[in-house]
Amino acid sequence: MVAKIIDGKVFAAGIREQVASHVERLKADHGISPGLAVVLVGEDPASQVYVRSKGRQTVEAGMTSFEHKLDATTTEAELLELIAALNADPAVHGILVQLPLPAHLDEALVINAIDPDKDVDGFHILNVGRLATGQKSMVPCTPLGCLMMLRDHHGSLSGLNAVVVGRSNIVGKPMAQLLLRDSCTVTIAHSRTRNIQDICRRADILVAAVGRPEMIDSAWIGPGATVLDVGINRIPAPEKGAGKTRLVGDVDFASAREVAGAITPVPGGVGPMTIACLLANTLTAACRAHGLDEPEGLTA
Ligand code: NDP
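Per the numbering used here, the sequence shown starts with residue 627, numbered consecutively.
Pasting the structure below:
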């Protein structure tokens with residue numbers, strides 16, 4: 627069997643289009659322009675790239691982008707003051723503080739200072755609790771993107787055996803919660819899991835969020851399984867020239883696609899869905915803030 631490729635670039639473009647058309651209607655019918663504030667502290671080059679990309683895609687979707695770039699020496703009090711101002715600003719429907727923060731800032735304290743209803747990353751402790759207890763919440767973007775792709779591919783996920791490899795707060799745990807909510811039988815595997823290959827091989831849905839290049843190969847995958855590769859790892863690529871690198875996932879794509887039924891590539895799989903879902907979450911937050919119906923198909 628050669629797996630179907632789930633094309634995240636095409637899927638994400640579809641999500642962005644849906645968001646943009648909802649935004650157009652919100653503006654025309656209600657005079658509301660959803661606004662996303664992104665806060666970047668310091669000069670981390672990867673974070674700068676992400677923030678630029680988020681700002682550009684926000685504007686392309688017809689929403690308002692507010693960028694706050696703060697010096698690496700910003701104090702916790704200064705950052706909390708900015709968050710309080712954004713919480714109080716009715717033009718701002720979503721707030722995202724780009725992580726990681728410089729070491730002198732307490733990430734949990736900062737994230738939990740964001741108004742939970744504007745917490746478009748879904749990392750606030752209240753949103754974590756709401757997701758775990760089945761209440762309406764903001765859902766972390768990467769797992770939300772995975773869920774959308776899985777629903778699209780399978781229709782109903784009810785009763786399927788899902789294995790999530792990785793138990794981080796930003797990917798593994800919320801992914802498992804979402805799959806559970808869609809009535810999968812969920813196993814979370816991690817670095818201490820015994821017989822991990824056997825467990826993974828029994829999965830109908832295998833989500834890899836590990837951060838280890840190409841760790842999961844065909845021996846981990848049951849025939850016909852759906853494999854979502856969240857991992858983004860940069861490895862040396864001497865074939866491209868001295869000092870060159872390339873991106874790979876946590877899954878050994880070439881071997882996995884011979885066994886899987888469907889699989890996301892890296893790059894071009896789960897990655898593009900993350901910002902698309904950030905835009906979807908901002909739209910959802912704006913609709914909720916104004917007591918309007920949420921956009922169908924763009925929430926968990
Ligand atoms: P973390 O490092 O926070 O978590 C990694 C998890 O993998 C941990 O739970 C760890 O287990 C587990 N793990 C590590 N080694 C093994 C192993 N040998 N066998 C089984 N499990 C193992 O990573 P993140 O969740 O933040 O990210 C995971 C990957 O996803 C990274 O490559 C990251 O770059 C990528 N990512 C991609 C995004 C996107 O937009 N596509 C967004 C976010 C992340 P333990 O808890 O026991 O240590």
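For each residue, glycine too, the CB sits at the ideal point set by N, CA and C.
Per DSSP, what are the beta-bridge partners of residue i in this structure?
i	result
A788	V812, I831
E693	V664
T852	I831, A888
P716	Note: P716 sits in no beta bridge, so no partner.
L873	R860
K630	A888
V723	V665
I847	DSSP output for I847 lists no bridge partner at all.
I842	V877
D745	I721
Would residue i and residue j qualify as a contact pair, given that the criterion is a beta-carbon distance under 9 Å?
i	j	result
T813	A829	yes
D747	P766	yes
L770	A926	yes
G799	R793	Inspection of the sequence shows that residue 799 is occupied by Lys rather than by Gly. Contact: yes.
K695	V675	no
F637	D741	no
G785	C810	yes
L662	L924	no
I831	H780	yes
L757	L776	no
M801	V754	no
I823	A845	The residue asked about is misnamed: residue 823 is Gln in this sequence, not Ile. Result yes, Cβ atoms of Q823 and A845 sit closer than 9 Å.
F749	N713	no
P849	M627	yes
Go through its chain and collect everything with a Cβ distance to residue i's Cβ below 8 Å, but skip five positions before and after it.
i	result
A629	V853, A882, R883, E884, V885, A886, G887, A888, I889
G760	R807
V736	E702, L705, L706, I709, V723, L727
H816	V791, G792, R793, G798
G894	D633, G634, K635
On the premise that residue j lies in contact with residue i, defined as a C-beta separation below 8 Å, what is that separation, rounded to the nearest angstrom?
i	j	result
D732	E702	7 Å
P839	V791	Not a contact, Cβ separation roughly 14 Å.
M899	D876	Not a contact, Cβ separation roughly 16 Å.
E922	T910	No, E922 and T910 are not in contact; Cβ-Cβ is about 11 Å, not under 8 Å.
G634	G897	6 Å
P891	I641	Between I641 and P891 the Cβ distance is about 18 Å, and since that is not below 8 Å, they are no contact.
M764	N907	6 Å
A698	V667	7 Å
A687	A646	5 Å
Go through its chain and collect everything with a Cβ distance to residue i's Cβ below 7 Å, but skip five positions before and after it.
i	result
I901	S679, K680, Q683
F860	Contrary to the premise, residue 860 reads as Arg rather than Phe in this sequence. For R860, where only same-chain residues beyond five positions count, the Cβ hits under 7 Å are T871, L873.
V797	T768, P769, A835, V856
H648	L909, P921
D843	D878, S881, A882
E659	Checking the sequence shown, residue 659 turns out to be Ser, not Glu. Excluding sequence neighbours, S659 sits near K653, M689, T690.
L725	E733
G867	none
S673	L666, Q724
Q803	L757, A758
Could you tell me whether any Cβ in chain B is nearer than 9 Å to the Cβ of residue i?
i	result
V665	Note that chain B does not occur in the displayed structure, where there is just one protein chain.
Excluding the 5 residues preceding and the 5 following residue i in the sequence, name in chain order all residues of the same chain whose CB lies nearer than 6 Å to its CB.
i	result
D715	none
L664	Residue identity differs from the one stated: residue 664 is Val in this sequence, not Leu. The answer, listed in chain order, is V677, K680, E693, L722.
G751	Looking at the sequence provided, one finds Ile at residue 751 rather than Gly. Only N738 meet the Cβ criterion.
T700	V667
ask   = Do the segment 709-722 and the segment 900-917 meet, that is, are 3 or more Cβ pairs less than 8 Å apart?
value = Touching, yes.
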